[in-house]
Structures are given as structure tokens and as C-alpha cells.
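Numbers 655 to 881, taken from our numbering, label the letters of the sequence shown in order. All residues carry an ideal CB built from backbone N, CA and C; glycine is no exception.
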Amino acid sequence: MKLKKVAVLPIPDLVFFPGTSLPLYVVEPVFIRMIRECVDQNMLVGISMAEPLVYIYGHRRPSPKNICGIGKPIILEELYDGTLKVLIKGFGRVKLEQVQQNLPYLIYECEEYNDQPELNGFIADDKIERLKGLLDSWILETITDSVEREHFQENISSMKQVVDYISMFLIQDHEMRQLLLENTSLNERIQMLDTLLKGPVPFLEDTTAVQAIKSFEILEKTAKVGH
655 MKLKKVAVLP IPDLVFFPGT SLPLYVVEPV FIRMIRECVD QNMLVGISMA
705 EPLVYIYGHR RPSPKNICGI GKPIILEELY DGTLKVLIKG FGRVKLEQVQ
755 QNLPYLIYEC EEYNDQPELN GFIADDKIER LKGLLDSWIL ETITDSVERE
805 HFQENISSMK QVVDYISMFL IQDHEMRQLL LENTSLNERI QMLDTLLKGP
855 VPFLEDTTAV QAIKSFEILE KTAKVGH
């Protein structure tokens, strides 16, 4: 199914997952305009990890990764200097297709990028419970305000959301986060996270596992191209 248009904000090293909510401070005038117009026109915003800078009509602009999370922008506050405090409430995941607008900000035509049906059932409950426990521990350590912490936990109602929040906030390697976003099997993502987060530091991924998974993904893509 095609989505008519999505405004896209490329941000270096940031991967936005569909089951999460992302707080942002928007400073640049062009992106302040983008957020305001998206709110007025009820348009979704794509937050995409930025590729290296490219020139568009003489302007240097970051190019977005073609798989990204999209969400509804909510303006929470406008600061005295014009900066917008914004919450992007996750809505889904898309593949960017055709550029509809380059300036003043990017607008793409895109299509939904959904998980594939799981053919072999779900992964063992012990992995799922372990990941839930990791996320709960991270929330307890990171969100000091008890009311905010309770509100945060109440909004996590599915295993997909647990996986998305862990992928976005506990995985530090941005390329690994992008691989998790692009993966279309919930089972595989659970397995990947369980493997990544088994090191001596519970909230830091195992670097050996990161490199192994990256190498496997490169080999798999090469094999697909070869066939």
C-alpha cells in the first residue's frame, strides 16, 4: 500500500523505531517549518538515519536511508528562542521510494515496510522475559521520576514495542540499529538482541557479536545479489 507523502528528517546516527516515541528539540528554521506544516496538514514525519552529505541545487543536505520509521509529530512546547520541543509518536516503518520535494525540506512517496509472517512460531519465552527484564532495569536506572517512569512503562503494551525500545536505546552501534530496523522477522530481532546483550555490561552490546552479525548480513546481501 502506498502512502501519499511523508516529510523526511535525516539525522546522523539516529534510527527511529515504529513502536517508540522520540523526543526531539528542533532548532533549524527549515525543520521548524517542516514540523509546523506537518502538524497543520496532518502529514507524518519520517526520521531516517542520515547518509553522507549530498549537494541539492547548491545546498548541502544529508541523504536519508531508504528504510526508516515514521510517526505523528506533536508540538509539546515552543521555547523563547523559537526552538520546538517535539514528540514523534511512532506509527510505522516505510521504504522511501520517489522524492516528491527536495526543498525547503524532503518529501517522499513511500510504501509500508512490514514484518513477514513467522513460519516457525515464536522464540522461547525465556528470551522474551530476559529482554523485558533488561528494558525494565534500563527504565528504572534511566528515568528517575517515578511518575514519568510509570507513564513510560504503561505505554509499552507489546513485545514488538519492547524490541523496538531496546533496539533504539540500548544498542549503541548505529549501523546495528539500522540492521535491526530493516529486519522483517520479530523472531530474528529477538534472537539478535538476546545475542548482542549478553556481555558483562547489561546495557552495552557485545562488540564481537555486533561484528559477527554485520559480517553475516553483508555476506547474505552479497549472496542474494549473486543469485
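Measure the Cβ-Cβ separation of residue i and residue j and say whether it is below 8 Å.
i, j, result
"Lys-719", "Met-703", "yes"
"Gly-700", "Ile-724", "yes"
"Leu-738", "Val-660", "no"
"Ile-810", "Arg-803", "no"
"Ile-742", "Leu-678", "yes"
"Phe-671", "Gly-787", "no"
"Asp-667", "His-828", "yes"
Taking 7 Å as the limit between beta carbons, can you name the residues of its chain near residue i, skipping five residues before and five after?
i, result
"Val-693", "Pro-727 and Ile-729"
"Phe-685", "Leu-663 and Tyr-759"
"Gln-807", "Ile-793"
"Leu-789", "Val-816, Tyr-819 and Ile-820"
Taking all protein chains shown into account, decide if residue i is buried (16 or more other Cβ within 10 angstroms of its Cβ) or exposed.
i, result
"Ile-819", "Here residue 819 turns out to be Tyr, not Ile, going by the sequence shown. So Tyr-819 counts as buried."
"Leu-773", "exposed"
"Arg-831", "buried"
"Tyr-767", "buried"
"Val-669", "buried"
"Ser-821", "buried"
"Tyr-734", "exposed"
"Arg-687", "exposed"
"Ala-877", "Summary for Ala-877: the model assigns pLDDT 40, below 50, so the residue's position carries little reliability; its value from the coordinates is reported in the next sentence. So Ala-877 ends up on the exposed side."
"Val-740", "buried"
"Val-879", "Because Val-879 sits at a pLDDT of 39, beneath the cut-off of 50, its placement in the model cannot be relied upon, and the following sentence gives the value as read from the coordinates. The residue is exposed, with fewer than 16 neighbouring Cβ atoms inside 10 Å."
Which partner residues does residue i have in the DSSP bridge list?
i, result
"Ile-729", "Val-740"
"Cys-692", "Cys-692 is not bridged to any residue."
"Tyr-734", "Partner(s): none; Tyr-734 has no beta bridge."
"Val-817", "In the DSSP output, where bridge partners are listed per residue, Val-817 has none listed."
"Val-660", "Tyr-762"
"Lys-749", "Ile-721 and Glu-765"
"Val-801", "DSSP lists no partner for Val-801."
"Ile-665", "Met-703"
"Val-680", "Leu-738"
Only counting the same chain, and skipping five residues up and downstream in sequence, which positions put a Cβ closer than 6 Å to that of residue i?
i, result
"Gln-815", "Gly-673"
"Ile-761", "Lys-659, Ala-661, Gln-754 and Gln-755"
"Leu-676", "Phe-670 and Ile-742"
"Phe-823", "none"
Looking only at its own chain, which residues have a Cβ that is under 8 Å from the Cβ of residue i, when we skip the five neighbours before and after it?
i, result
"Arg-843", "Val-817, Ser-821, Leu-834 and Asn-837"
"Ile-689", "Val-680, Val-699, Pro-727, Ile-729, Leu-738 and Val-740"
"Glu-691", "Ala-661 and Met-697"
How about residue i: is its Cβ closer than 7 Å to a heavy atom in the ligand NAP?
i, result
"Ala-661", "Looking at this structure, you won't find the ligand NAP or any other ligand, since it has none at all."
Write down the C-beta distance between residue i and residue j rounded to the nearest angstrom, noting that I regard them as a contact closer than 8 Å.
i, j, result
"Gln-770", "Ser-812", "Not quite, the Cβ-Cβ distance comes to about 17 Å (not below 8 Å), so this is no contact."
"Leu-785", "Leu-847", "6 Å"
"Ser-717", "Glu-731", "So it is not a contact: roughly 30 Å between Cβ atoms."
Just checking: is the beta-carbon of residue i within a distance shorter than 8 Å of some beta-carbon in chain B?
i, result
"Thr-674", "Of the protein chains in the structure, only one exists, and it is not chain B."
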